[in-house]
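Take 680 as the starting number for the sequence shown in the working numbering and just add one per residue. Cβ atoms here follow ideal geometry from the backbone N, Cα and C, with glycine treated the same way. Here the structure is a predicted model, which is why all the values come from computation and not from measurement. Take a look at the structure set out below.
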Amino acid sequence: METIILTADQSNDLYNYFDFEENEQIIFAELNCETKELKIHYLDNDEIEGIYIPSLDGEKYYEILKIFQKAEAINRMKSLKLLSNVIKEFETDNTVYYSERQNKIFDGILYLVKNKQEFVDIIKEFEEQRHALVYHAQLARFNFGLCLSLLFISQYPEEWEMEQEDLKADSDGIMYPYAYAYNLDIPDFSDLGKIGIVRKNGGISRVY
680 METIILTADQ SNDLYNYFDF EENEQIIFAE LNCETKELKI HYLDNDEIEG
730 IYIPSLDGEK YYEILKIFQK AEAINRMKSL KLLSNVIKEF ETDNTVYYSE
780 RQNKIFDGIL YLVKNKQEFV DIIKEFEEQR HALVYHAQLA RFNFGLCLSL
830 LFISQYPEEW EMEQEDLKAD SDGIMYPYAY AYNLDIPDFS DLGKIGIVRK
880 NGGISRVY
């Protein structure tokens, strides 16, 4: 995926980064991942189509990439069939939830990440270090420790199509996305790799 595209609705956040006239309307935006060039297609006040190509030097590229990552994250949340209000809150104000497995009955129970400052800090550090965007997490205890597994959109759009395939369930209903599993009991045992998850009660449950 060399070029990724945002629709007009998905492009709303771009208005906060660039100067547009009051009546200028974005039609769509495309980001070339290889050249790191952004093209914003818009209609001017006379409804004539134009193309705006802003400079994306340094950290600016990653700021704009976040907008494209968010659109990709919403698509993946829909693929996971997370509870609709969980998707909506992420879409409107970047609210992130986590699914917790307490036991066989209370599994996939959804909670707000922002109510656990430790989780907020873990996600913030991960995102900053890897230019990633976390859209959901899963909390479960294993024999090697209590793990908070972060589902995220990487900084490499060329890998997104392959990562989308990981969210297609197999015959047992299991999906195998890449995640960062933070071990809350033994942080040195934290690792990045594929995990096995299933849909559960509007959230997810980690089975591997």
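- Fewer than three Cβ pairs drawn from the segment 723 to 741 and the segment 775 to 786 lie within less than 8 Å of each other, which leaves the two stretches out of contact.
- By the Cβ-count criterion, residue 694 is exposed, with fewer than 16 other Cβ atoms from all chains shown falling within 10 Å of its own Cβ.
- Between the segment 699 to 711 and the segment 681 to 690, the count of Cβ pairs shorter than 8 Å is three or higher; the stretches touch.
- Residue 733 sits close to residue 717, with the two beta carbons spaced by under 8 Å.
- In this structure, DSSP gives residue 780 a state outside helix and strand, which the three-state scheme calls coil.
- Straight-line measurement puts the Cα of residue 714 at about 28 Å from the Cα of residue 756.
- Membership of residue 728 in the beta strand (DSSP E) is indicated by the continuous run 728 to 731.
- Between residue 812 and residue 749, the C-beta gap is smaller than 8 Å, which places the two residues in contact.
- Fully enclosed beta strand (DSSP E) runs of no fewer than 3 residues occupy 812 to 821, 824 to 832 of the segment 801 to 833, in order along the chain.
- Contact between the segment 837 to 853 and the segment 871 to 881 is present: 3 or more CB-CB pairs across the two stretches fall below 8 Å.
- Remark: C-beta atoms of residue 753 and residue 775 do not approach each other more closely than 8 Å.
- Comparing C-alpha distances from residue 792 to each of 738, 804, 777 shows the shortest one belongs to 777.
- Between residue 869 and residue 860, the gap from beta carbon to beta carbon is short of 8 Å.
- Take residue 703, set aside five residues on each side of it, and the residues of its chain with a beta-carbon closer than 8 Å to its own are 721, 722, 723, 724, in chain order.
- In the DSSP assignment, no residue is bridged to residue 756.
- Residue 763 carries a helical assignment under DSSP once its states are collapsed to helix, strand and coil.
- For residue 758 and residue 847, the gap between their C-alpha atoms comes out near 8 Å.
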